[in-house]
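Residue numbering for the sequence shown is 0 to 428, as defined by numbering that gives the first Met the number 0.
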Amino acid sequence: MNYEQALEYIHGTYKFGIKLGLDNIRKLLELMGNPHKKLKYVHVAGTNGKGSTVAFISSILKESGYKVGIYTSPYIERFTERIRVGNDEISKEDLARITGFVKEKVELMVLRGSNHPTEFEIVTAVAFQYFYEKACDIVVLEVGLGGRFDSTNIIDAPLAAVITTISYDHMAQLGNTLDKIAFEKAGIIKKGTDVVLYPQSQEADRVFEDVCRKKDACLHKVSFESLEIKSFFIEGQEFDYGRFKSLKIGLLGEHQVKNAVVALKTSLILAKKGLSKICESSIRKGLANAKWPGRLEILKKEPIFLIDGAHNAEGAQTLSKFLKTYFPYKKIVFIIGILGDKDYGKMIEECAPLAEHVIAVTPNSDRALPAEILAQSLEGYCKNVYISDAIVNAVDKSFEITPKDGLICAFGSLYYIGEVRSILLDRKY
0 MNYEQALEYI
10 HGTYKFGIKL
20 GLDNIRKLLE
30 LMGNPHKKLK
40 YVHVAGTNGK
50 GSTVAFISSI
60 LKESGYKVGI
70 YTSPYIERFT
80 ERIRVGNDEI
90 SKEDLARITG
100 FVKEKVELMV
110 LRGSNHPTEF
120 EIVTAVAFQY
130 FYEKACDIVV
140 LEVGLGGRFD
150 STNIIDAPLA
160 AVITTISYDH
170 MAQLGNTLDK
180 IAFEKAGIIK
190 KGTDVVLYPQ
200 SQEADRVFED
210 VCRKKDACLH
220 KVSFESLEIK
230 SFFIEGQEFD
240 YGRFKSLKIG
250 LLGEHQVKNA
260 VVALKTSLIL
270 AKKGLSKICE
280 SSIRKGLANA
290 KWPGRLEILK
300 KEPIFLIDGA
310 HNAEGAQTLS
320 KFLKTYFPYK
330 KIVFIIGILG
340 DKDYGKMIEE
350 CAPLAEHVIA
360 VTPNSDRALP
370 AEILAQSLEG
380 YCKNVYISDA
390 IVNAVDKSFE
400 ITPKDGLICA
410 FGSLYYIGEV
420 RSILLDRKY
């Protein structure tokens with residue numbers, strides 16, 4: 000099996016859909032020799048901010064001298080981004096080899112009468128096997144969907160379970176109230192676990208408190224009372240938090256400072272649990288060096304070209320707040336591509352009033368919201384709405400209509416954002 004065949008096999012299992020539950024992944028991993036049981040973990044769940052928090056935590060661990068496995072989803076430009084050790088993505092050769100190994104076990108499962116694993120289950124199994132082969136000291140594991148029945152939750156108690164912000168998304172699978180969604184996310188809390196919790200609504204907070212009580216887990220609620228953002232600029236931000244003064248991060252937005260604080264708190268807990276190489280110096284370096292492409296990422300400065308994977312209502316609200324705070328006087332041109340199963344009405348409501356022009360595109364996805372429908376919704380907020388037949392043409396158009404001192408912001412589906420990122424990095428504008 001080569002790399003292309005591996006991807007074809009993995010993506011071909013998309014037809015098996017999303018099946019929440021752990022029976023499939025348990026059977027598959029048993030046939031593989033349970034590689035996941037030979038590793039230590041930090042497990043990260045939440046609606047928004049998971050990936051950034053994973054980036055901060057893993058960067059701190061790397062700077063502390065640990066070999067860190069990192070599992071995230073979805074990818075921005077390359078599939079191999081999802082499975083990394085330190086700064087290195089899994090090689091195409093290793094992905095192909097391990098996928099071939101997993102495929103053999105899947106065929107054995109089906110032969111014995113079990114259900115065929117889903118795409119996410121197969122990728123998760125590949126990741127566990129790779130991290131085991133690489134003898135990672137610790138794995139920072141991002142939940143795919145929910146928590147309780149997510150494939151990543153097959154692990155035993157992690158060194159720390161981290162819960163980022165909770166809001167409305169994937170309601171068909173997780174429930175339509177915050178307490179139901181919180182209950183699914185709280186599923187990663189296991190007996191005796193240290194739980195690091197981003198400040199939540201009272202409704203969600205009560206759920207986490209209750210689950211921690213029942214599981215005898217130690218709940219660490221993060222407070223932002225001592226947080227002070229001292230300065231922000233295009234290259235990043237500087238802030239104080241408690242005894243930590245003049246911390247720096249390269250990611251933009253107030254929410255990223257808060258995600259960095261969650262990572263800092265998690266790191267201090269990990270240090271007490273035996274990861275003794277974590278120190279103030281490695282925390283500082285880790286936060287400063289953390290990278291998370293496609294999230295409030297500036298790719299060009301004249302005009303400013305910003306991309307952001309705001310793909311739900313909370314993400315759009317965060318983006319809107321960022322633009323008002325950082326660029327209050329800029330004329331903004333939006334390029335928007337959204338999936339049809341998202342609450343695009345609320346997303347538009349948050350961002351479209353800031354626009355001088357909007358270009359609607361259709362992402363390359365079976366779930367895409369057609370640009371024509373998106374444009375109709377936009378017309379109530381902005382007079383200058385265009386429809387582009389291709390993403391590359393939308394990027395070209397944005398440079399035609401934006402002055403050098405203006406701002407272009409492409410946001411929406413993460414895969415679409417990845418395509419925009421590739422276009423910007425491949426071409427000279």
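Heads up, the beta-carbon is just placed ideally off N, CA and C, and yes, glycines get one too.
Just so you know, these numbers come straight off a predicted model, no measurement behind them.
> Can you tell me the Cα-Cα spacing of H169 and L413, whole angstroms?
Replying inline: To locate residue 169, count along the sequence shown from 1; it is residue 170. To locate residue 413, count along the sequence shown from 1; it is residue 414. Bear in mind that a pLDDT of 46 at H169, under 50, signals an unreliable position, so the model cannot answer this.
>> DSSP three-state label for A44, please.
In response: Start at 1 with the first residue of the sequence shown, and residue 44 comes out as number 45. Residue state, collapsed to three classes: strand.
>> With DSSP as the reference, identify every bridge partner of I248, one or two as the case may be.
In response: Residue mapping note: residue 248 aligns to position 249 of the sequence shown, counting from 1. Note: I248 sits in a beta bridge opposite Q236.
> Can you tell which of Y380, Q375, V419, G411 has the C-alpha that lies nearest to the C-alpha of K396?
Replying inline: By 1-based counting over the sequence shown, the position of residue 396 is 397. With respect to the C-alpha of K396, the residue from Y380, Q375, V419, G411 having the closest C-alpha is V419.
>> Could you compute how far the alpha carbon of M346 sits from the alpha carbon of Y380?
In response: One-based indexing of the sequence shown puts residue 346 at position 347. One-based indexing of the sequence shown puts residue 380 at position 381. Each residue's alpha carbon lies about 12 Å from the other.
> Taking Cβ positions, are F231 and Y131 nearer each other than 8 Å?
Replying inline: In the sequence shown, residue 231 corresponds to position 232, counting from 1. In the sequence shown, residue 131 corresponds to position 132, counting from 1. In this structure, F231 lies away from Y131, with their beta-carbon atoms at least 8 Å apart.
> Which residues in the same chain as T163 place their Cβ atom closer than 6 Å to its Cβ, once the five residues preceding and following it in sequence are excluded?
Replying inline: Taking the first residue of the sequence shown as 1, we reach residue 163 at position 164. So the qualifying residues of the chain are G45, G48, K49, T52, Y197.
> For V84 versus G68, is the C-beta distance shorter than 8 Å?
Replying inline: Locating residue 84 in the sequence shown gives position 85, counting from the first residue. Locating residue 68 in the sequence shown gives position 69, counting from the first residue. A contact, by the Cβ cut-off of 8 Å.
>> Can you look up H115 in the DSSP assignment and give me helix, strand or coil?
In response: The count along the sequence shown starts at 1 and reaches residue 115 at position 116. Note: H115 maps to coil in three-state DSSP.
>> Under DSSP, the beta strand (DSSP E) around F304 begins and ends at which residues?
In response: If you number the sequence shown from 1, residue 304 lands on position 305. Here the beta strand (DSSP E) through F304 covers 303–307.
> Is F243 near L263, with beta carbons less than 8 Å apart?
Replying inline: Sequence index remark: in the sequence shown, residue 243 carries index 244 (1-based). Sequence index remark: in the sequence shown, residue 263 carries index 264 (1-based). Annotated as proximal: F243 and L263, with beta-carbon spacing under 8 Å.
> According to the Cβ coordinates, are G146 and A203 closer than 8 Å?
Replying inline: Working through the sequence shown from its first residue, we reach residue 146 at position 147. Working through the sequence shown from its first residue, we reach residue 203 at position 204. When the beta-carbon positions are compared, G146 and A203 stay at least 8 Å from each other.
> Nearest CA to the CA of S280: which residue from Y2, K247, K299?
Replying inline: The sequence position of residue 280 within the sequence shown is 281, counting from 1. Out of Y2, K247, K299, K247 has the C-alpha closest to the C-alpha of S280.
>> Only counting the same chain, and skipping five residues up and downstream in sequence, which positions put a Cβ closer than 6 Å to that of G417?
In response: On the sequence shown, residue 417 is found 418 positions in, with the first residue counted as 1. Once the five neighbours on either side are set aside, the close Cβ partners of G417 are I75, E76.
>> Taking only three categories from DSSP, how would you classify G285?
In response: On the sequence shown, residue 285 is found 286 positions in, with the first residue counted as 1. In the structure shown, G285 sits in a helix (DSSP, three-state: H, G or I).
> Around the Cβ of N152, are there at least 16 other Cβ atoms within 10 angstroms (buried) or fewer (exposed)?
Replying inline: Here residue 152 refers to the residue found at position 153 of the sequence shown. That one is buried.
>> Taking the alpha carbon of G268 as the reference point, which residue from Y8, I59, K213, L295 has its own alpha carbon closest?
In response: Taking the sequence shown and counting its residues from 1, one reaches residue 268 at position 269. Note that residue 268 is Ile in the sequence shown, not Gly. Nearest of Y8, I59, K213, L295 to I268, Cα basis: I59.
> Between V419 and the ligand FMN, is the CB less than 7 Å from at least one heavy atom?
Replying inline: This structure lacks the ligand FMN, and indeed carries no ligand of any kind.
> What does DSSP give as the partner residues of T164 in its beta bridges?
Replying inline: By one-based count along the sequence shown, residue 164 stands at place 165. DSSP output for T164 lists N47 as bridge partner(s).
> Count the other CB atoms within 10 Å of the CB of A409; is the residue buried (16 or more) or exposed (fewer)?
Replying inline: As a working note, residue 409 is residue 410 in the sequence shown. With 16 or more other Cβ atoms within 10 Å, it is buried.
>> For K220, list the residues DSSP reports as bridge partners.
In response: Here residue 220 refers to the residue found at position 221 when the sequence shown is read from its first residue. According to DSSP, which records beta bridges pairwise, K220 is partnered with L196.
> In chain order, what residues of the same chain lie with their CB nearer than 6 Å to the CB of L424, ignoring the 5 residues before and after it?
Replying inline: Locating residue 424 in the sequence shown gives position 425, counting from the first residue. Result list for L424: empty, nothing under 6 Å.
>> Quick check on the DSSP output: the beta strand (DSSP E) that includes L298 runs from which residue to which?
In response: To locate residue 298, count along the sequence shown from 1; it is residue 299. Here the beta strand (DSSP E) through L298 covers 296–300.
> Alpha carbon to alpha carbon, how far is S319 from Y343?
Replying inline: Locating residue 319 in the sequence shown gives position 320, counting from the first residue. Locating residue 343 in the sequence shown gives position 344, counting from the first residue. So the two alpha carbons sit approximately 14 Å from each other.
> Between G174 and the rest of its own chain, which residues show a CB-CB distance below 8 Å, the 5 nearest in sequence each way excluded?
Replying inline: By one-based count along the sequence shown, residue 174 stands at place 175. For G174, the pLDDT reaches just 49, beneath the cut-off of 50, and the residue's location in the model is therefore unreliable, leaving the point undetermined.
>> Judging by CA-CA distance, which residue of L373, V357, C350 is the nearest neighbour of G339?
In response: Locating residue 339 in the sequence shown gives position 340, where the first residue counts as 1. Of the candidates L373, V357, C350, the one whose C-alpha sits nearest the C-alpha of G339 is L373.
> Y40 and P116: beta carbons closer than 8 Å?
Replying inline: Start at 1 with the first residue of the sequence shown, and residue 40 comes out as number 41. Start at 1 with the first residue of the sequence shown, and residue 116 comes out as number 117. No. Outside cutoff.
> Per DSSP, what kind of secondary structure is R83 in: helix, strand or coil?
Replying inline: As a first step, residue 83 is located in the sequence shown; it is residue number 84 there, counting from the start. The answer is strand: DSSP assigns R83 an E or B state.
> Of the choices S200, L286, N114, A270, whose alpha-carbon is the least far from that of E237?
Replying inline: Numbered from 1 along the sequence shown, position 238 holds the residue referred to as residue 237. Considering only alpha carbons, the answer is L286.
> Secondary structure at G336, three-state DSSP: helix, strand or coil?
Replying inline: Along the sequence shown, read from residue 1 onward, the residue named residue 336 stands at position 337. Correct three-state label for G336: strand.
>> Can you list, in chain order, the residues of its chain with a C-beta nearer than 8 Å to that of E234? Leave out the 5 residues immediately preceding and following it.
In response: Stepping through the sequence shown from its first residue, residue 234 is reached at position 235. Non-local C-beta neighbours of E234 in its own chain, meaning closer than 8 Å and more than five positions away in sequence, comprise G249, ordered along the chain.
> The alpha helix (DSSP H) with I414 in it runs from where to where?
Replying inline: Mapped onto the sequence shown, residue 414 falls at position 415. Here the sequence assigns Tyr to residue 414, which means Ile is not the residue at that position. Unbroken alpha helix (DSSP H) run through Y414: 413–425.
> Does the separation of the CB atoms of I407 and V332 fall below 8 Å?
Replying inline: Numbered from 1 along the sequence shown, position 408 holds the residue referred to as residue 407. Numbered from 1 along the sequence shown, position 333 holds the residue referred to as residue 332. Yes, these two residues count as a Cβ contact at 8 Å.
>> Can you give me the C-alpha to C-alpha distance between I89 and G191, rounded to a whole angstrom?
In response: Against the sequence shown, residue 89 aligns to sequence position 90. Against the sequence shown, residue 191 aligns to sequence position 192. For I89 and G191, the distance between alpha carbons rounds to 32 Å.
>> Which complete beta strand (DSSP E) runs does the region 82–156 hold, if anything under 3 residues is left out?
In response: Correct list: 82–84, 137–141.
> Can you tell me where the beta strand (DSSP E) with Y385 in it begins and where it stops?
Replying inline: Here residue 385 refers to the residue found at position 386 of the sequence shown. Counting along the chain, the unbroken beta strand (DSSP E) around Y385 starts and ends at 384–386.
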